[in-house]
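K.L.:
Okay, handing you the structure first.
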Amino acid sequence: MKIAYFLCYTIKMVVFKFSMINHWERSMCAFEIKNLKLSVNDNVILDGFSLKILPGEVHAFIGKNGIGKSSLAKAIAGHPAYKIQGGDIVLNGERILGQSPDEIARKGFFLAFQSPIELPGVSLANFIRAAVQARLPRGTPLNGVDFYKNLYAKMEALQIDKSFTSRPLNDGFSGGEKKRCEVLQMMMVEPKYAILDETDSGLDIDALKIVSNAVNAMRDGTFSAIIITHHNKLLEYIKPDFVHIISDGKIAMSGGLELIDRLEKFGYGFIHDEHTL
Ligand SMILES: Nc1ncnc2c1ncn2[C@@H]1O[C@H](COP(=O)(O)OP(=O)(O)OP(=O)(O)O)[C@@H](O)[C@H]1O
Ligand SMILES: [Mg+2]
289 MKIAYFLCYT
299 IKMVVFKFSM
309 INHWERSMCA
319 FEIKNLKLSV
329 NDNVILDGFS
339 LKILPGEVHA
349 FIGKNGIGKS
359 SLAKAIAGHP
369 AYKIQGGDIV
379 LNGERILGQS
389 PDEIARKGFF
399 LAFQSPIELP
409 GVSLANFIRA
419 AVQARLPRGT
429 PLNGVDFYKN
439 LYAKMEALQI
449 DKSFTSRPLN
459 DGFSGGEKKR
469 CEVLQMMMVE
479 PKYAILDETD
489 SGLDIDALKI
499 VSNAVNAMRD
509 GTFSAIIITH
519 HNKLLEYIKP
529 DFVHIISDGK
539 IAMSGGLELI
549 DRLEKFGYGF
559 IHDEHTL
């Protein structure tokens, strides 16, 4: 009897300890934006913007055109034109303000651009290969055979034709092809934190499902993401943990997918109506 009690007690303690470690790891690895003040060309775009994302969580941002969603994404990525005048951005417990885009990327961050730029002269495969290589510890060689095997498998999953590997990055790509290639890059560099800025725009209905499945496949409990969108279709497939409405320089309202239904019914005016009630 005493032995059974002792065993039971030991198992309980072990389970408790593991759940505490898990909880501690999750809260330690937060991707956090603290009271951010952001300006572009001396115009303040965001002020008092705060958000905490735990590993494994997917958050969706919606907000009117020109409200500052892409500016926030680019500021996090380290774009020098977007000036952070106050507050903090913390990745995995480490402040990233002032770090260069490549340093931030090496820390596990990835941004899928709303308007991907064209790079004539650099093939898609070489671009991705350089990005994957850059994330390896210095001096670690990248096995070319393994790289192409992985690349072709991911291209197949995203239904991107193999011929794209030798095409100059985004040069002459259709809108949807550019967006698929942004997701391909994300899948290849395997980030811990990603922002997908209107990746759904320009995708046809089938491509939307393919891309959503690819994003969902990355959700392994440690991958955190912000999905910026104007449409509910992508969010229906991806099912974010939280939806945030951005307004007046900050998060005006947070909730679940029901927020999108309310937006569709009442428009953005309902946020102010609720605040003034
Ligand atoms: N490099 C820049 N130079 C000047 N103004 C800029 C720059 N980048 C952004 N802005 C301005 O900052 C504001 C926010 O732009 P941003 O692209 O962040 O909006 P958004 O919320 O992503 O909009 P959308 O939903 O249309 O993509 C806009 O008024 C935009 O014109
Ligand atoms: Mg934008």
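Here the sequence shown stands for residues 289 to 565, where the numbers follow the working numbering. Cβ coordinates follow ideal geometry from the N, Cα and C atoms, glycine included. Predicted model, so just to flag it, every value in this text is computed and none were measured.
Could you tell me whether any non-hydrogen atom of ligand 2 is closer than 8 Å to the CB of Glu-470?
P.N.:
Position 182 of the sequence shown, counted from the first residue, corresponds to residue 470. Checking the Cβ of Glu-470 against ligand 2 gives no.
K.L.:
Once you ignore the five residues that flank Ile-548 on each side, which residues in its own chain have a CB closer than 6 Å to its CB?
P.N.:
As a working mapping, residue 548 is identified with position 260 in the sequence shown. Taken in chain order, the residues that qualify are Asn-520.
K.L.:
Given that a residue counts as buried once 16 or more other Cβ atoms are within 10 Å of its Cβ, and exposed if not, what is Val-531?
P.N.:
On the sequence shown, residue 531 is found 243 positions in, with the first residue counted as 1. Val-531 comes out buried.
K.L.:
Where are the beta strand (DSSP E) runs, 3 residues long or more, that stay fully inside the region 318 to 369, in chain order?
P.N.:
319 to 328, 331 to 341 and 346 to 351
K.L.:
In this structure, how does DSSP classify Gln-473 when only helix, strand and coil are distinguished?
P.N.:
For the purposes of this step, residue 473 is identified with residue 185 of the sequence shown, where counting begins at 1. The three-state secondary structure of Gln-473, taken from DSSP, is helix.
K.L.:
Which residues in the same chain as Val-378 place their Cβ atom closer than 6 Å to its Cβ, once the five residues preceding and following it in sequence are excluded?
P.N.:
As a working note, residue 378 is residue 90 in the sequence shown. Result list for Val-378: Glu-320, in chain order.
K.L.:
Relative to the alpha-carbon of Gly-543, which residue among Leu-339, Lys-395, Gln-373 and Glu-486 has its alpha-carbon at the smallest distance?
P.N.:
As a first step, residue 543 is located in the sequence shown; it is residue number 255 there, counting from the start. Checked all of Leu-339, Lys-395, Gln-373 and Glu-486; the closest Cα to Gly-543 is Leu-339.
K.L.:
Does ligand 4 have even one heavy atom less than 8 Å from the beta-carbon of Tyr-370?
P.N.:
With respect to small molecules bound, the structure shown includes ligand 1 and ligand 2 and not ligand 4.
K.L.:
Can you determine whether any heavy atom of ligand 1 sits closer than 8 Å to the C-beta of Leu-385, and answer yes or no?
P.N.:
In the sequence shown, residue 385 corresponds to position 97, counting from 1. Answer for Leu-385: no, Cβ out of range of ligand 1.
K.L.:
Would you check if the distance between the CB atom of Val-471 and the CB atom of Val-503 is smaller than 9 Å?
P.N.:
Translated into the one-based positions of the sequence shown, residue 471 becomes position 183. Translated into the one-based positions of the sequence shown, residue 503 becomes position 215. Result yes, Cβ atoms of Val-471 and Val-503 sit closer than 9 Å.
K.L.:
Starting from Asp-549, trace the alpha helix (DSSP H) both ways and give me its first and last residue.
P.N.:
Counting from 1 along the sequence shown, the entry for residue 549 is found at position 261. Run containing Asp-549: 546 to 554, per the alpha helix (DSSP H) assignment.
K.L.:
What residue range does the alpha helix (DSSP H) around Asp-449 cover?
P.N.:
For the purposes of this step, residue 449 is identified with residue 161 of the sequence shown, where counting begins at 1. Note, Asp-449: premise wrong, no alpha helix (DSSP H); not H, not E.
K.L.:
In whole angstroms, what separates the C-alpha of Ile-448 from that of Arg-468?
P.N.:
Here residue 448 corresponds to residue number 160 of the sequence shown, with the count starting at 1. Here residue 468 corresponds to residue number 180 of the sequence shown, with the count starting at 1. When rounded, the distance between both Cα atoms is 8 Å.
K.L.:
Where Phe-461 and Arg-507 are concerned, what is the direct C-alpha to C-alpha distance, given to the nearest angstrom?
P.N.:
Residue mapping note: residue 461 aligns to position 173 of the sequence shown, counting from 1. Residue mapping note: residue 507 aligns to position 219 of the sequence shown, counting from 1. About 28 Å.
K.L.:
Less than 8 Å between the CB of Lys-402 and some heavy atom of ligand 2, yes or no?
P.N.:
Here the question's residue 402 lines up with position 114 in the sequence shown. First, the amino acid is wrong: residue 402 is Gln here, not Lys. Indeed, a heavy atom of ligand 2 lies less than 8 Å from the Cβ.
K.L.:
Would you decide whether Pro-343 is buried or exposed? Buried here means 16 or more other CB atoms lie within 10 Å of its CB.
P.N.:
As a working note, residue 343 is residue 55 in the sequence shown. A residue is called buried once 16 or more other Cβ atoms fall within 10 Å of its Cβ, and Pro-343 is buried on that count.
K.L.:
Where do the N-terminal and C-terminal ends of the beta strand (DSSP E) with Ser-535 fall, by residue?
P.N.:
Translated into positions along the sequence shown, residue 535 becomes position 247. Taken as a continuous stretch (DSSP letters only), the beta strand (DSSP E) holding Ser-535 covers 530 to 535.
K.L.:
Of all the options Pro-389, Leu-457 and Arg-383, which has the alpha carbon lying nearest to the alpha carbon of Phe-415?
P.N.:
Taking the first residue of the sequence shown as position 1, residue 415 is located at position 127. Among Pro-389, Leu-457 and Arg-383, the Cα nearest to that of Phe-415 is on Leu-457.
K.L.:
Comparing the CB of Ile-516 with every heavy atom of ligand 2, is any distance shorter than 8 Å?
P.N.:
Taking the sequence shown and counting its residues from 1, the one referred to as residue 516 is at position 228. The answer is yes for Ile-516.
K.L.:
Of all the options Gly-463, Lys-325, Phe-349 and Gln-373, which has the alpha carbon lying nearest to the alpha carbon of Pro-404?
P.N.:
Here the question's residue 404 lines up with position 116 in the sequence shown. The residue with the shortest Cα to Cα distance from Pro-404 is Gly-463.
K.L.:
Taking Glu-444 as the reference, which of Arg-423, Ile-392, Met-475 and Lys-325 has the closest Cα?
P.N.:
The sequence position of residue 444 within the sequence shown is 156, counting from 1. Ranking Arg-423, Ile-392, Met-475 and Lys-325 by Cα distance to Glu-444 puts Met-475 first.
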